[in-house]
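Please read the structure below before turning to the comments.
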Amino acid sequence: MATTEKTTITVETTVNAPIEKVWKLWTSPEHIIKWNNASDDWHTPTAENDLRVGGKFVFRMEAKDRSNGFDFWGVYDQIKPNELIMYTMG
372 MATTEKTTIT
382 VETTVNAPIE
392 KVWKLWTSPE
402 HIIKWNNASD
412 DWHTPTAEND
422 LRVGGKFVFR
432 MEAKDRSNGF
442 DFWGVYDQIK
452 PNELIMYTMG
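In our numbering, the protein residues as written are 372 to 461.
This is the structure in structure tokens:
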């Protein structure tokens with residue numbers, strides 16, 4: 372039987388804006404589709420977000436020319452409103 376090794380990646384950044392605004396833009400699907408782009412040639416036509424421990428997020432990312440696309444998804448492990456989002460990618 373094969374074993375799966377998990378790699379942990381931690382990302383921290385400072386954003387010069389009120390935390391409530393950053394939280395809303397980071398977690399609300401109607402905002403995620405506006406900023407979650409790999410480059411100007413890509414877009415996120417759909418986003419679903421069940422922001423709770425055990426909840427799932429799914430963001431559909433596609434090339435604007437429709438040559439490629441994939442779902443970026445995961446399950447939330449920890450949520451501390453306005454402080455922490457921890458998830459495992461699918």
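A virtual CB, placed ideally from N, CA and C, is assigned to each residue, including glycine.
In this structure, threonine 459 sits away from methionine 432, with a CB-CB distance that is not shorter than 7 Å. The DSSP assignment places 400-406 as complete runs of the alpha helix (DSSP H) inside the region 400-455, in order along the chain (cut-off: 4 residues). The distance from the Cβ of glutamate 419 to that of proline 400 is about 6 Å, consistent with a contact at the 8 Å cut-off. DSSP places threonine 459 in the strand class (E or B) of the three-state scheme. Taking glycine 426 as the centre and dropping the five residues before and after it, the same chain places the C-beta of Tyr447 closer than 6 Å to its C-beta, in chain order.
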